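The structure under discussion appears below in the form of structure tokens.
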């Protein structure tokens, strides 16, 4: 759950339509119909962030890598290399370069 909003932002243009449809289930039919179709994907990410923040308030579920207290910023490079070597990355809807992985990790760190 920690990486979810950052990875969705990275993949946004590749998953815009299904991510936009998710808004119906995250926020309900009123918000969905009131949100322009061109903004629904971003609104879904915002709704996911709200859920994440609510979980943080209720049970202190970390929102960032830094908040875990288990990852140091100087480990991001190693994490990026491991992520790129993981077989599951082939299922990502977008090609991921080392620079892309680092950008996502930096956002997830802060």
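Residue numbers (the UniProt record's numbering): 1 to 110.
For each residue, glycine too, the CB sits at the ideal point set by N, CA and C.
Nothing here was measured: the structure is a model prediction, and the numbers come from that model.
Subject >> Contact set for residue 21: own chain, Cβ-Cβ below 8 Å, skip 5 residues either direction >> reply: 40
Subject >> Stretch-stretch touch, CB-based, cutoff 8 Å, three pairs: the region 97-106 with the region 22-31 >> reply: Touching, no, given that fewer than three Cβ pairs across the two stretches are closer than 8 Å.
**OP:** Decide if the region 5-21 is in contact with the region 42-50; the criterion is three or more beta carbon pairs, one per stretch, under 8 Å apart.
**Re:** yes
Original post:
In terms of residues, what are the limits of the alpha helix (DSSP H) holding residue 66?
Top reply: 65-68
Subject >> residue 86 (DSSP reduced to helix, strand or coil) >> reply: Looking at residue 86 - three-state DSSP - the assignment turns out to be coil, as it is neither helix nor strand.
Original post:
Can you list, in chain order, the residues of its chain whose CB lies under 7 Å from that of residue 71, leaving out five sequence neighbours each side?
Top reply: For residue 71, the CB contacts under 7 Å within the same chain, skipping 5 residues up- and downstream, are 65 in chain order.
**OP:** Apply the 10 Å Cβ neighbour rule to residue 10 and answer buried if 16 or more other Cβ atoms are within range, or exposed otherwise.
**Re:** It is buried - the Cβ of residue 10 has at least 16 other Cβ atoms within 10 Å.
Subject >> Nearest to residue 18 (by Cα), restricted to the options 38, 58, 1 >> reply: 38
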